[in-house]
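*Asks:*
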């Protein structure tokens, strides 16, 4: 059981909405690098939405990721 990257976001709000949508459907998700994205002059690195590897197919279906 390990975490894998589902999607990347440049915007914290979009990342949080995707995470909340997954959790509402019963798929646990966490954001990596969210704090590195908000230092006032633009994103330093993308925010990574992470899920468990066994949840990846369902998570992709739920957010429409490939």
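Residue numbers (the working numbering): 1046 to 1111.
No residue lacks a Cβ here, since even glycine has one placed at the ideal position from N, Cα and C.
Are the CB atoms of residue 1049 and residue 1097 nearer to each other than 9 Å?
*Replies:* yes
*Asks:* Can you name the residues that DSSP bridges to residue 1050?
*Replies:* 1095
*Asks:* From residue 1101 to residue 1089, what does the alpha carbon distance come to, in whole angstroms?
*Replies:* 26 Å
*Asks:* Given that a residue counts as buried once 16 or more other Cβ atoms are within 10 Å of its Cβ, and exposed if not, what is residue 1067?
*Replies:* buried
*Asks:* Considering just the uninterrupted stretch of the alpha helix (DSSP H) at residue 1074, what are its terminal residues?
*Replies:* Element bounds for residue 1074: not the alpha helix (DSSP H) but the beta strand (DSSP E), 1074 to 1077.
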